[in-house]
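Student: The structure's right below; bear with me while I get my questions together.
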């Protein structure tokens, strides 16, 4: 018994240990700069839209960049039909600080979304603040997006001595990006209280690409986040996934990683420095922080940045940590930058997901359970699915999507690739095939289905396939659409793995 008590204390201490990211995000040394002002309030059909200017933080000082003070435009939509028990939907958006502000199409869509979800929606723009000039840069280059992030990685790798008292740990741009969102939460709460709005101080957070990355990290540090919906960012377990990318792309990395390649990230792939920075910014290092949260990911099958098989390197771990409350929707024939149809699909799925969450109680789970297993052999590639917990649905359909690579030199499903310094369209096409139409009477405790793909089809190409499950809600035409992982046949890579300096690779 004595040993059990000691063990429990040790586990409790390790779980409650603050991370460097938490230390930074909750450090209020710069709190004096934080403020918001109301720029406008507009009454629209069904909702009132408030536009705020938020000053969120001070990131180092002018010795590092020309923009140490970060500010953002924030759009707060309060619907007339607000259900005060629902969480706030918080979208992390991009934007430039040197341009005339106008809401993005996504921001407009999500402001109107507030009436559908009966919830407050918030769009925080200019994450990160950009463009940024690094003071020591002799070219005074205006940097944006990945160029800024990669540059901060370079500072972490090569210029630590410039930062006193281990503050180099705060250099990776994801740190201030995450802190800016936390401060956005805080100021949103203050603003709503000042307007006497009744609401629940819980957040469902989302964002695309780098903002999707930020949504993972804010979820790891802020207990007010109850669900996360990252869009086109599934690069967890960086080190393993970059090794997989090296093997899949024939000894190279996607051209979209140019900025990171330039600062030597791939050359350092197996070094101590990489492990140190990944402990700061790789969401998988915060795995235990995700217990009790829900996740709905959106992934593009032809993404230029991320391979569709990224999820294999971490999915099982997060499924266990969240008690199978992690889901993914794969968007077929769409690249990293999405299109209008895919954006509408995302908003639709988010709405249904939030509705199902709202129905849950401490003893009743409303979200479905989808499990899958790959059963590949010498004749077939096969995916078996098991569906359960279908009490909120009256029927479902299962659809397969499959595509083949150009040849067997690469496992490459990107929309285009780099060849001799030119971009070449890959002409990848994901083919849809309806498989199953269930009936109400089919909703047993556990429904199993198997989809097989003839292995002979992969003699000259790699073949990738996954299943989509569309679950129709009871007494509604709305559906929740979720997907399985990507099964790829044959299972071997075009080349072997790299180690140390061999991992430098090339851009393809």
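In mature numbering (1 follows the signal peptide of the UniProt record, and there is no 0), the protein residues as written are -16 to -1, 1 to 492. Ideal placement from N, C-alpha and C gives every residue a C-beta, glycine not left out.
Taking the Cβ atom as the reference point for each residue, do residue 60 and residue 9 lie within a distance shorter than 9 Å?
Tutor: Translated into the one-based positions of the chain shown, residue 60 becomes position 76. Translated into the one-based positions of the chain shown, residue 9 becomes position 25. No, the Cβ-Cβ distance between residue 60 and residue 9 is not below 9 Å.
Student: So what does DSSP say about residue 222, is it helix, strand or coil?
Tutor: Position 238 of the chain shown, counted from the start, is the residue given in the question as residue 222. DSSP places residue 222 in helix when its eight states are reduced to three.
Student: If we call anything under 9 Å between Cβ atoms a contact, is residue 269 one with residue 214?
Tutor: Your numbering for residue 269 matches position 285 in the chain shown. Your numbering for residue 214 matches position 230 in the chain shown. Contact flag unset, no.
Student: My parser needs the beta strand (DSSP E) runs of 3 or more residues fully inside the region 353 to 414; what are they?
Tutor: For the region 353 to 414, whole beta strand (DSSP E) runs of length 3 or above, ordered along the chain, are 353 to 358, 364 to 372, 377 to 388, 400 to 403 and 406 to 409.
Student: When the distance is taken between beta carbons, is residue 266 closer than 9 Å to residue 135?
Tutor: Here the question's residue 135 lines up with position 151 in the chain shown. Here the question's residue 266 lines up with position 282 in the chain shown. Not in contact: residue 135 and residue 266 (Cβ atoms no closer than 9 Å).
Student: On the three-state DSSP scale, how would you describe residue 228?
Tutor: Along the chain shown, read from residue 1 onward, the residue named residue 228 stands at position 244. In this structure, residue 228 counts as helix in the three-state DSSP scheme.
Student: Which same chain residues end up closer than 6 Å to residue 293 when comparing Cβ atoms and leaving out the 5 residues on each side of it in sequence?
Tutor: Taking the chain shown and counting its residues from 1, one reaches residue 293 at position 309. Cβ within range, chain order: 470.
Student: Cα separation between residue 83 and residue 114?
Tutor: Along the chain shown, one-based indexing puts residue 83 at 99. Along the chain shown, one-based indexing puts residue 114 at 130. About 10 Å.
Student: Indicate the three-state DSSP secondary structure (helix, strand or coil) for residue 4 in the structure shown.
Tutor: Counting from 1 along the chain shown, the entry for residue 4 is found at position 20. Looking at residue 4 - three-state DSSP - the assignment turns out to be helix.
Student: Going by beta-carbon coordinates alone, are residue 95 and residue 38 separated by less than 9 Å?
Tutor: Position 111 of the chain shown, counting from 1, holds the residue named residue 95. Position 54 of the chain shown, counting from 1, holds the residue named residue 38. No. Outside cutoff.
Student: Taking C-beta to C-beta, are residue 41 and residue 118 nearer than 9 Å?
Tutor: Taking the first residue of the chain shown as 1, we reach residue 41 at position 57. Taking the first residue of the chain shown as 1, we reach residue 118 at position 134. No, Cβ-Cβ distance for residue 41 and residue 118 is not below 9 Å.
Student: With distances taken Cα to Cα, identify the nearest neighbour of residue 329 among 28, 315, 364 and 104.
Tutor: Mapped onto the chain shown, residue 329 falls at position 345. The shortest Cα separation from residue 329 among 28, 315, 364 and 104 belongs to 315.
Student: Can you check DSSP and say which residues form a bridge with residue 420?
Tutor: As a position in the chain shown, residue 420 is number 436, starting the count at 1. Answer by DSSP bridge pairing, in chain order: 382.
Student: If residue 377 and residue 458 are in contact, beta carbons under 8 Å, what's the gap, nearest whole angstrom?
Tutor: To locate residue 377, count along the chain shown from 1; it is residue 393. To locate residue 458, count along the chain shown from 1; it is residue 474. Confirmed, Cβ separation roughly 6 Å.
Student: Tell me which residues share the same chain as residue 442 and place their Cβ nearer than 6 Å to its Cβ, disregarding the 5 neighbours each side in the sequence.
Tutor: As a working mapping, residue 442 is identified with position 458 in the chain shown. Closer than 6 Å at the Cβ level, and outside the excluded window around residue 442, lie 473 and 474.
Student: With distance defined between alpha-carbon atoms, name the residue in 71, 99, 74 and 109 nearest to residue 88.
Tutor: Position 104 of the chain shown holds residue 88. When each option's Cα is compared against that of residue 88, the closest is 109.
Student: Please state if the CB of residue 131 and the CB of residue 125 are separated by a distance shorter than 9 Å.
Tutor: To locate residue 125, count along the chain shown from 1; it is residue 141. To locate residue 131, count along the chain shown from 1; it is residue 147. Closer than 9 Å, so yes.
Student: To the nearest angstrom, how far is the alpha carbon of residue 167 from that of residue 252?
Tutor: Position 183 of the chain shown, counting from 1, holds the residue named residue 167. Position 268 of the chain shown, counting from 1, holds the residue named residue 252. Each residue's Cα considered, the two are about 33 Å apart.
Student: Is residue 138 helix, strand or coil by DSSP?
Tutor: As a first step, residue 138 is located in the chain shown; it is residue number 154 there, counting from the start. Correct three-state label for residue 138: helix.
Student: With DSSP as the reference, label residue 256 as helix, strand or coil.
Tutor: As a working mapping, residue 256 is identified with position 272 in the chain shown. Of the three classes helix, strand and coil, the one that applies to residue 256 here is helix, per DSSP.
Student: Bridge partners of residue 108, per DSSP?
Tutor: Here residue 108 refers to the residue found at position 124 when the chain shown is read from its first residue. In DSSP, residue 108 forms a bridge with 58 and 76.
Student: Could you tell me how far apart the beta carbons of residue 489 and residue 239 are, in whole angstroms, since I believe they sit closer than 8 Å?
Tutor: On the chain shown, residue 489 is found 505 positions in, with the first residue counted as 1. On the chain shown, residue 239 is found 255 positions in, with the first residue counted as 1. Not really, about 12 Å apart at Cβ, beyond 8 Å.
Student: Any idea what DSSP makes of residue 212, helix, strand or coil?
Tutor: Walking along the chain shown from the start, residue 212 turns up at place 228. Residue 212: strand per DSSP, three-state reduction.
Student: With burial defined as no fewer than 16 other Cβ atoms inside 10 Å of the residue's Cβ, what is the status of residue 221: buried or exposed?
Tutor: Translated into positions along the chain shown, residue 221 becomes position 237. It counts as buried.
Student: Please identify the residue among 326, 86 and 69 whose C-alpha is closest to the C-alpha of residue 56.
Tutor: Taking the chain shown and counting its residues from 1, the one referred to as residue 56 is at position 72. That would be 86, whose Cα lies nearest to the Cα of residue 56.
Student: Quick check: the Cα distance between residue 230 and residue 482, rounded to an integer number of angstroms?
Tutor: The sequence position of residue 230 within the chain shown is 246, counting from 1. The sequence position of residue 482 within the chain shown is 498, counting from 1. Distance between the alpha carbons of residue 230 and residue 482: 8 Å.
Student: Is residue 2 buried or exposed, if buried means 16 or more other CB atoms sit within 10 Å of its CB?
Tutor: Here residue 2 corresponds to residue number 18 of the chain shown, with the count starting at 1. So residue 2 counts as exposed.
Student: Quick check on residue 474: does DSSP put it in helix, strand or coil?
Tutor: Numbered from its first residue, the chain shown carries residue 474 at position 490. The answer is coil: DSSP assigns residue 474 none of H, G, I, E or B.
Student: Looking only at its chain, what residues have a beta carbon closer than 7 Å to the beta carbon of residue 254, apart from the 5 residues adjacent to it on each side?
Tutor: By 1-based counting over the chain shown, the position of residue 254 is 270. Same-chain partners within the cutoff: 483, 484 and 487.
Student: According to DSSP, simplified to helix, strand and coil, what is residue 486?
Tutor: Here residue 486 refers to the residue found at position 502 when the chain shown is read from its first residue. Helix at residue 486.
Student: By DSSP, does residue 28 sit in helix, in strand, or in coil?
Tutor: Position 44 of the chain shown, counted from the start, is the residue given in the question as residue 28. Residue state, collapsed to three classes: strand.
Student: Between the alpha carbons of residue -3 and residue 271, how many angstroms are there, rounded?
Tutor: Along the chain shown, read from residue 1 onward, the residue named residue -3 stands at position 14. Along the chain shown, read from residue 1 onward, the residue named residue 271 stands at position 287. For residue -3, the pLDDT reaches just 43, beneath the cut-off of 50, and the residue's location in the model is therefore unreliable, although a value from the coordinates is still provided. The alpha-carbon atoms of residue -3 and residue 271 are separated by roughly 13 Å.
Student: Report the residue ranges of all beta strand (DSSP E) runs contained in full by the region 281 to 358; include only those spanning at least 3 residues, in chain order.
Tutor: For the region 281 to 358, whole beta strand (DSSP E) runs of length 3 or above, ordered along the chain, are 310 to 315 and 353 to 358.
Student: For residue 345, count neighbouring C-beta atoms within 10 Å of its own C-beta (all shown protein chains included) and say buried if the count is 16 or more, exposed if not.
Tutor: Along the chain shown, one-based indexing puts residue 345 at 361. Exposed, by the Cβ-count rule.
Student: In whole angstroms, what is the alpha-carbon distance linking residue 366 and residue 491?
Tutor: One-based indexing of the chain shown puts residue 366 at position 382. One-based indexing of the chain shown puts residue 491 at position 507. C-alpha separation (whole angstroms): 32 Å.
Student: Assuming residue 479 contacts residue 235 under a Cβ cut-off of 8 Å, what Cβ separation, rounded to an integer in Å, is found between them?
Tutor: Along the chain shown, one-based indexing puts residue 479 at 495. Along the chain shown, one-based indexing puts residue 235 at 251. Indeed they touch by this definition, with Cβ atoms about 6 Å apart.
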